[in-house]
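In what follows, a structure is listed as structure tokens, so that the remarks can point back to it.
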Amino acid sequence: MQDKHLSPLNLVNRLQDILIAIFLASFIGDPLHIDSFKLGIIFVIITIVWDILSYLCFTYSIEDSQIVIKKGVIFKKVIHVPFARIQSIEHSQYFLFRPFDVEKLQINNASKGSSKDKIQLDAVKTYVGKVLEEKHKQYQNQDVNDEVEQSDIAKIEDSNQEEANTQDNGYAQYKISTKDIALYTFTSFRVFITMFLIAHITHGAVVDFAISIYQKGFGSNMISLIAFSIIAIIIALLLSFIYTMFQFYDFTLVKEGKYLEYEKGLFTRNKVRLSTDRIQSVLIEQNVMGKLLKIMTVKIIMASDGSDEESSQAVVLPILNADKYAEMMNDFFEWIPLKTVEKFNSRKRSIWLFFRNFDWILLIIPIVIYFVGWTTLVYSLVVIGVFTFFYTLGNAYFKYRVTSIGLAGKTKDDYLIVSNGFLFKQRTYYVGWHEIQSMHFESSVFMKRNNLAHIVIRIRKGNSAQTAGVHYIDYGGAKKIYDWYRQ
Numbered sequence: 001m002q003d004k005h006l007s008p009l010n011l012v013n014r015l016q017d018i019l020i021a022i023f024l025a026s027f028i029g030d031p032l033h034i035d036s037f038k039l040g041i042i043f044v045i046i047t048i049v050w051d052i053l054s055y056l057c058f059t060y061s062i063e064d065s066q067i068v069i070k071k072g073v074i075f076k077k078v079i080h081v082p083f084a085r086i087q088s089i090e091h092s093q094y095f096l097f098r099p100f101d102v103e104k105l106q107i108n109n110a111s112k113g114s115s116k117d118k119i120q121l122d123a124v125k126t127y128v129g130k131v132l133e134e135k136h137k138q139y140q141n142q143d144v145n146d147e148v149e150q151s152d153i154a155k156i157e158d159s160n161q162e163e164a165n166t167q168d169n170g171y172a173q174y175k176i177s178t179k180d181i182a183l184y185t186f187t188s189f190r191v192f193i194t195m196f197l198i199a200h201i202t203h204g205a206v207v208d209f210a211i212s213i214y215q216k217g218f219g220s221n222m223i224s225l226i227a228f229s230i231i232a233i234i235i236a237l238l239l240s241f242i243y244t245m246f247q248f249y250d251f252t253l254v255k256e257g258k259y260l261e262y263e264k265g266l267f268t269r270n271k272v273r274l275s276t277d278r279i280q281s282v283l284i285e286q287n288v289m290g291k292l293l294k295i296m297t298v299k300i301i302m303a304s305d306g307s308d309e310e311s312s313q314a315v316v317l318p319i320l321n322a323d324k325y326a327e328m329m330n331d332f333f334e335w336i337p338l339k340t341v342e343k344f345n346s347r348k349r350s351i352w353l354f355f356r357n358f359d360w361i362l363l364i365i366p367i368v369i370y371f372v373g374w375t376t377l378v379y380s381l382v383v384i385g386v387f388t389f390f391y392t393l394g395n396a397y398f399k400y401r402v403t404s405i406g407l408a409g410k411t412k413d414d415y416l417i418v419s420n421g422f423l424f425k426q427r428t429y430y431v432g433w434h435e436i437q438s439m440h441f442e443s444s445v446f447m448k449r450n451n452l453a454h455i456v457i458r459i460r461k462g463n464s465a466q467t468a469g470v471h472y473i474d475y476g477g478a479k480k481i482y483d484w485y486r487q
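Residue numbers for the sequence shown follow our numbering, beginning at 1 and rising by one.
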């Protein structure tokens, strides 16, 4: 394919540059004693000219074994990305671009470079994405050296054979329902985050307005206060549900052979297809509310050159019922073992240790009382201290209950299952031996005397790393885990 430009609709994405130029002119005009209007016109003209030049200087070409990107107005840059190095291709289509059959593509490769070299085609025809997906699929499991020696006919035969094998491996599909979206909203505590963000963004204006309405319309008795609070929570819950609906609208996960493809979104439709070989870890999340309702969320941690959440850690099963856990995991992640041959839990002594590690800060309260005396500030500190005491005590017990580490086998082809908790949310990582970047065995003199140890592993997440650890487990058990990794 010869060098091609992006769709002219890419210039629509640049409208934000004009707004930034206008804001910048209004911000620096007065200090420099320059007419902000005239300065704004100059900035806008420069921005438009620069965006047009950037558009004209940006080209891409799809070759037999790679995609080539050429860009740069002053400093030219040529980027070669072999299809065998591509981790995944993210499709993103804004609803205004759908009538024009135009979408945005983000190509995540296996490099660990900075986000500056991230391959992004902001506006191309959808057929370009289909061509890239076919090329990516064709070269997924081929060695780069073999690609040079192999003829085109042989490549086609291998591709057909791979597709046949893919069909034999089975097909599975998950589609979210409105009920699942409501459950996801309710159990994710987004309602409280929404209320906090609204209060923070408006600098308390919404809170003051709500209080004034409450005082005028309800009076000041306790029953009306409770009723008004419930109404406020319902409104925040509704706003959270609407946001989640936009985010996970028509969410669909499909597994076909060794490929996973998920698609979601209302205003912006996102679609990602990736090989299961690129998954670094499968993560199961379940908070207290999820435990009560026996539901959980499944995410995958991926390696890529992207730093955003979507390209490094994606939600693939927003809501999974506990009674369907084994069935769904076998359908979509059949290589993940659901049973362990050895499992080591956190010691009961860890309840005190988890609690102590944070609540020593409460010693500040009696010190303040001693030097300052009983004031309004001290009363507030006491209330906060009591709340913190019971909250961290409950969190320490929760961490003790969910902390464990286990082995699915004793060879390098087996998996490590790491379970820990933080802020009343349990996280369980399924990580293969080959996906662990490093493992740290930690045990101080005091811990060794009490037969305690920590295990912390690092796995690749995006272009950085994700740590997962268990604390205050049996020393002998931690040693077995460490010896398994060192083999």
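Each residue gets a CB set at the ideal place from its N, CA and C atoms; glycine is no exception. Just so you know, these numbers come straight off a predicted model, no measurement behind them.
Neighbour-count burial assignment, T428, 16 or more Cβ in a 10 Å radius: buried
Which whole runs of the beta strand (DSSP E) in the region 37-105 are 3 residues long or more, in chain order? 59-62, 66-71, 77-82, 86-94
Residue from I20, V386, Y475 with nearest C-alpha to E442: Y475
Looking only at its own chain, which residues have a Cβ that is under 7 Å from the Cβ of M447, when we skip the five neighbours before and after it? A453
Secondary structure of A408, DSSP reduced to three states: coil
Do the CB positions of K425 and N287 come within less than 7 Å of each other? yes
Is DSSP giving E163 helix, strand or coil here? Since pLDDT at E163 reaches only 48, below the 50 mark, its modelled position is unreliable, and no value is offered.
Cα-Cα separation, L353 to V456: 17 Å
Taking V341 as part of the alpha helix (DSSP H), name the residues at either end of that continuous run. First-last for V341: undefined, no H or E at that position.
Would you kindly check if the distance between the Cβ of G385 and the Cβ of I365 is under 7 Å? yes
Who does I234 pair with in a DSSP beta bridge? DSSP, once it has assigned bridges, lists no residue as partnering I234.
Simplified DSSP state of Q247, which is helix, strand or coil: helix
I'd like to know whether the C-beta atoms of Q301 and K137 end up nearer to each other than 7 Å. Strictly speaking, residue 301 in this sequence is Ile, with Gln absent from that position. In this structure, K137 does not lie closer than 7 Å to I301 by Cβ.
Could you tell me which residues DSSP puts in a beta bridge with E285? T297, R427
Thinking C-alpha only, which one of H440, R458, Q466 is nearest K480? H440
When I367, N345, R349, R486 are compared against V470, the one with the closest alpha-carbon: N345
CB K348 to CB G406, shorter than 7 Å? no
Taking just the CA atoms, how far does I361 sit from Y379? 17 Å
Tell me whether the beta-carbon of S88 lies closer than 7 Å to the beta-carbon of N270. no
Run the CB neighbour count on S229, radius 10 Å, all protein chains shown included, and call it buried at 16 or more, exposed below. exposed
Inspect the CB distances between the region 43-50 and the region 8-19 and report whether three or more fall short of 8 Å. yes
Residue closest to A25, alpha-carbon to alpha-carbon, out of G40, H33, N13, V12: G40
With 16 other Cβ atoms within 10 Å as the buried cut-off, status of L132: buried
State the DSSP-derived secondary structure class of N569, mapped to helix, strand or coil. One cannot answer for residue 569 here, as it falls past the ends of the chain, which runs 1 to 487.
Report the partner residues of Y391 according to the DSSP bridge assignment. DSSP lists no partner for Y391.
DSSP state of R449 mapped onto helix, strand, coil: helix
Could you have a look at S444 and say whether DSSP puts it in helix, strand or coil? coil
Could you pull out every residue in the same chain whose Cβ sits closer than 7 Å to the Cβ of L338, ignoring the five residues on either side in sequence? A326, M329
Is the separation between the beta-carbon of D180 and that of N10 shorter than 7 Å? no
Spatial neighbours of S438 in its chain, beta-carbon cut-off 8 Å, leaving aside the 5 residues before and after: I457, R458
As assigned by DSSP and simplified to three states, the class of I336: coil
Of the residues S240, Q120, Y472, the one placed nearest V357, counting alpha carbons only: Looking at the sequence shown, residue 357 is not Val but Asn. When each option's Cα is compared against that of N357, the closest is Y472.
Looking at the secondary structure, which residues open and close the alpha helix (DSSP H) in which F267 lies? Segment: none, F267 is in no alpha helix (DSSP H) and carries neither H nor E.
I22 at chain B interface by Cβ criterion, 7 Å: The structure shown contains no chain B; it is built from a single protein chain.
I'd like the span of the beta strand (DSSP E) that includes K175, first residue to last. 171-175
Endpoints, alpha helix (DSSP H) assigned at G477: 475-486
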